[in-house]
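Numbering (our numbering), first residue to last: 506 to 696.
Written out as structure tokens, the structure reads:
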């Protein structure tokens, strides 16, 4: 039996591979149908420009980082910290980490006291947002420095014009949350 298998294998390797002819079905069951929206033509000169609405469904789990997003819905900013006393990094992390980047110990959760006050470290004006960013443009994307953090979290300024060192306060979207990082932003803070 082994001998027959070896012979068959040899024959297959020496023959030319021929693509089988596929029957194209043009009518009836199994016919391919266009289910999208028809594109709109915006202009034809000097080149054709179309408007092509698209949607994307992305399904994933937040896994061990779920407490961060649960906190946003409750108006809380939660961070993670390494509990390992022998680890040199004992500051908080936002965005949170499931495991310490230095010693790989599972992180613990800490809720920052409200109001969460920070200062703008850097900023940029977003004129064209990428896919999945459902904010009206233009808007200010800000990096906010918070005391005791190992990181500088990124979010957006709800209103106003930013400047380096500007004091800001975290604000939360607790009514009709998006269940994404867009559920928290920053507003100018006088205090």
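Ideal Cβ placement from N, Cα and C applies to all residues, glycine included.
For clarity, every value in this text was computed on a predicted model and none was experimentally measured.
- Query: Is residue 554 buried or exposed, if buried means 16 or more other CB atoms sit within 10 Å of its CB?
  - Reply: So residue 554 ends up on the exposed side.
- Pull up the CB-CB distance for residue 611 and residue 604, whole angstroms please, since I reckon it's below 8 Å. 6 Å
- Message: Quick check on residue 581: buried or exposed, where buried means 16 or more other Cβ atoms within 10 Å of its Cβ?
- Response: buried
- Query: Hey, residue 691 and residue 662: beta-carbon distance below 8 Å or not?
  - Reply: yes
- Item | Residue from 559, 665, 677 and 548 whose Cα sits closest to the Cα of residue 579 | Closest option to residue 579, Cα to Cα, is 677.
- Task: Go ahead and pull the three-state DSSP assignment for residue 590.
- Result: If DSSP states are grouped into helix, strand and coil, residue 590 belongs with coil.
- Task: For residue 650, name the three-state secondary structure that DSSP assigns.
- Result: strand
- residue 616 to residue 548, Cα distance in whole Å? 52 Å
- Item | CA-to-CA distance, residue 568 to residue 614, given in whole angstroms | 14 Å
- Query: When we look at the beta-carbon of residue 742 and count the other beta-carbons within 10 Å, is it buried (16 or more) or exposed?
  - Reply: Lying before the first or after the last residue shown, residue 742 is absent from the chain, which here runs from 506 to 696.
- Query: Is residue 572 helix, strand or coil by DSSP?
  - Reply: Looking at residue 572 - three-state DSSP - the assignment turns out to be helix.
- Who are the Cβ neighbours of residue 633 in its own chain at under 7 Å, not counting the five residues just before and after it? 642
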